[in-house]
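Trainee: When you read off a place in the sequence shown, starting at 1, and then add 76, the result is the number in the working numbering. Here you go, one structure.
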Amino acid sequence: MSAASSSVEQVPLVVHVIHSLGTGGLENGLVNLINRTPSHRYRHAILCLTESGGFQRRLQDSSVPVVALHQPPGHRFGDYRQVWQMLRQLRPAIVHTRNLSALEAQLPAFLLPGVRRVHGVHGRDVFDLEGRNRKYNLLRKVIRPFVQQYTTVSRDLERWLIEVIGVPPRRVTQIYNGVDQERFHPVERRPLELAPPGFLEEESLVVGTVGRLAAVKDQASLLRAFARLREGAGDGLAPRLRLVLVGDGPERSALEKLADELGIQPVTWFAGDREEIPQLLRLFHLFVLPSLGEGISNTILEAMATGLPVVATRVGGNPELVTSGENGLLVPVADPAALADAMGRLLASESQRRAMGAASLARVRRDFHWDRTVARYLGVYDRLLGNTGQWERQEKRN
Numbered sequence: 077m078s079a080a081s082s083s084v085e086q087v088p089l090v091v092h093v094i095h096s097l098g099t100g101g102l103e104n105g106l107v108n109l110i111n112r113t114p115s116h117r118y119r120h121a122i123l124c125l126t127e128s129g130g131f132q133r134r135l136q137d138s139s140v141p142v143v144a145l146h147q148p149p150g151h152r153f154g155d156y157r158q159v160w161q162m163l164r165q166l167r168p169a170i171v172h173t174r175n176l177s178a179l180e181a182q183l184p185a186f187l188l189p190g191v192r193r194v195h196g197v198h199g200r201d202v203f204d205l206e207g208r209n210r211k212y213n214l215l216r217k218v219i220r221p222f223v224q225q226y227t228t229v230s231r232d233l234e235r236w237l238i239e240v241i242g243v244p245p246r247r248v249t250q251i252y253n254g255v256d257q258e259r260f261h262p263v264e265r266r267p268l269e270l271a272p273p274g275f276l277e278e279e280s281l282v283v284g285t286v287g288r289l290a291a292v293k294d295q296a297s298l299l300r301a302f303a304r305l306r307e308g309a310g311d312g313l314a315p316r317l318r319l320v321l322v323g324d325g326p327e328r329s330a331l332e333k334l335a336d337e338l339g340i341q342p343v344t345w346f347a348g349d350r351e352e353i354p355q356l357l358r359l360f361h362l363f364v365l366p367s368l369g370e371g372i373s374n375t376i377l378e379a380m381a382t383g384l385p386v387v388a389t390r391v392g393g394n395p396e397l398v399t400s401g402e403n404g405l406l407v408p409v410a411d412p413a414a415l416a417d418a419m420g421r422l423l424a425s426e427s428q429r430r431a432m433g434a435a436s437l438a439r440v441r442r443d444f445h446w447d448r449t450v451a452r453y454l455g456v457y458d459r460l461l462g463n464t465g466q467w468e469r470q471e472k473r474n
């Protein structure tokens, strides 16, 4: 073995166990953590219980192992053995599981001598948005003693872990996601050419959302709210209104049908999955997130970094990002009338939109840097390995 190879292997390896590496906020955060970790601090590997996915191409270091186990739905003893065997082969210093679907991987990790264990909570299960399912919570409590440290992306999830699951506060570290402020930022000129020909004009007012077209995101309420808004708007406002939905998913055909039934199909653009999210956000005058549940929303953060006011449902971590009346408005969940009213208030006032957009941008620039986020995750790893203070001392020597 060469001296260089030996030196690399001495850098601690973190194996991240997730359901899959598809499109999503959890996956976005993981990729940013890996891409922004200094190579002399930690190495990373990703263990997907099911499939890898599109986000693998976002990894800047092609040598980062991404392993897909292709496990089918259900629970089998062989699944635990498969995870244990792969972890033995990878030889991690730390195993970091994420969300309920990967929680049980804590058990085979526990059987590896000396391996430290972290579990990240990025949101509750899609079938249990408020975290009240007795079966799920029993599983969380049974596995709780095997987890040495928890991380959460919001204070809401931190409180839930402590108060409902019974995790001691000292074992929970809340870490907000960051925003890539080099990619997401305001511009003077809106890129109207990105839209279909004839869809947008200079005077158009664009309501937009970004996210997977799935039931939990409740874009149906946004469509209904937008239809109400157009019906109630005056002749000066209604013709200017446009709706843009960026993303794809299982609800797309149903949403397109609903838009047609509501009579808003000609002024609605289903943009599909797109790479140029920063540019598309710059088309918007107002960002809306109507979801039924959230951990912490990356899309809200990206909209804020673009200098947009935000209308969002009062769920999960949304109130931690949107201060109603300051950088946007919060509305009840699944309430198209309230959503339409909030959108109408902001679309009717350019000065209010500008003030709230400026407040969004200031908040992101102050509080949501990826460097800060990565430093906090690495701090969790350092404490587990007993390396607290080592890197601070080294930086001072350098």
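All residues carry an ideal CB built from backbone N, CA and C; glycine is no exception.
Buried or exposed, going by whether 16 or more other CB atoms sit within 10 Å of the CB of Asp458?
Mentor: Buried, since its Cβ has 16 or more Cβ neighbours within 10 Å.
Trainee: Going straight from the alpha carbon of Leu215 to that of Asp411, what length do you get?
Mentor: 33 Å
Trainee: What would DSSP say about Arg300, mapped onto helix, strand or coil?
Mentor: helix
Trainee: Using only the alpha-carbon positions, how far apart do Arg306 and Leu268 sit?
Mentor: 22 Å
Trainee: To the nearest angstrom, how far is it from the Cα of Val93 to the Cα of Val292?
Mentor: 24 Å
Trainee: Below 8 Å between beta carbons: does that hold for Pro168 and Val91?
Mentor: yes
Trainee: Helix, strand or coil, according to DSSP, for Tyr226 in the structure here?
Mentor: strand
Trainee: Would you be able to state if there are at least three C-beta pairs under 8 Å between the stretch 197–206 and the stretch 157–175?
Mentor: yes
Trainee: If you drop the 5 nearest sequence neighbours on each side, which residues of the same chain put their C-beta closer than 6 Å to that of Phe186?
Mentor: Excluding residues within five positions, the ones whose Cβ falls inside 6 Å are Phe222.
Trainee: What residue range is occupied by the uninterrupted beta strand (DSSP E) comprising Gln250?
Mentor: 248–250
Trainee: Drop a sphere of 10 angstroms on the beta-carbon of Gln470, count the other beta-carbons inside from all chains shown, and report buried for 16 or more, exposed for fewer.
Mentor: For Gln470, the predicted structure reports a pLDDT of 48, less than 50, and the residue's modelled location is therefore unreliable. The matter cannot be settled from this model.
Trainee: Could you please give the first and the last residue of the uninterrupted alpha helix (DSSP H) stretch that includes Gly199?
Mentor: Note, Gly199: premise wrong, no alpha helix (DSSP H); not H, not E.
Trainee: For Val87, which of helix, strand or coil comes out of DSSP?
Mentor: coil
Trainee: Tell me where the beta strand (DSSP E) around Val283 begins and ends.
Mentor: 281–286
Trainee: I'd like the span of the beta strand (DSSP E) that includes Phe363, first residue to last.
Mentor: 362–365
Trainee: Specify, as a first and last residue, the run of the alpha helix (DSSP H) that Val19 falls within.
Mentor: It is not possible to answer for residue 19, since the shown part of the chain is limited to 77 through 474.
Trainee: Report the start-end ranges of each alpha helix (DSSP H) in the stretch 294–350 that is 4 residues or longer and not cut off at the edges.
Mentor: For the stretch 294–350, whole alpha helix (DSSP H) runs of length 4 or above, ordered along the chain, are 295–308, 328–338.
Trainee: Grab the span of the beta strand (DSSP E) containing Ala121 for me, first residue to last.
Mentor: Run containing Ala121: 119–124, per the beta strand (DSSP E) assignment.
Trainee: Excluding the 5 residues preceding and the 5 following Leu368 in the sequence, name in chain order all residues of the same chain whose CB lies nearer than 8 Å to its CB.
Mentor: Leu205, Ala291, Val292, Lys293, Asp294, Thr389, Val391, Val409, Ala410
Trainee: So is Pro149 buried or exposed if we call it buried at 16+ other beta carbons inside 10 Å?
Mentor: exposed
Trainee: Checking 8 Å against the spacing of the C-beta atoms, do Gly325 and Arg350 come in under that value?
Mentor: No; because the gap between Cβ atoms is not below 8 Å, this pair is not in contact.
Trainee: Got a sec: does the ligand ADP put a non-hydrogen atom nearer than 7 Å to the Cβ of Arg246?
Mentor: This structure simply doesn't include the ligand ADP, nor any ligand for that matter.
Trainee: Can you tell me the Cα-Cα spacing of Ser297 and Gly462, whole angstroms?
Mentor: 49 Å
Trainee: Please list the terminal residues of the continuous beta strand (DSSP E) segment that includes Leu406.
Mentor: Run containing Leu406: 404–407, per the beta strand (DSSP E) assignment.
Trainee: When you compare the stretch 368–378 with the stretch 328–346, are there three or more beta-carbon pairs, one atom per stretch, that lie closer than 8 Å?
Mentor: no
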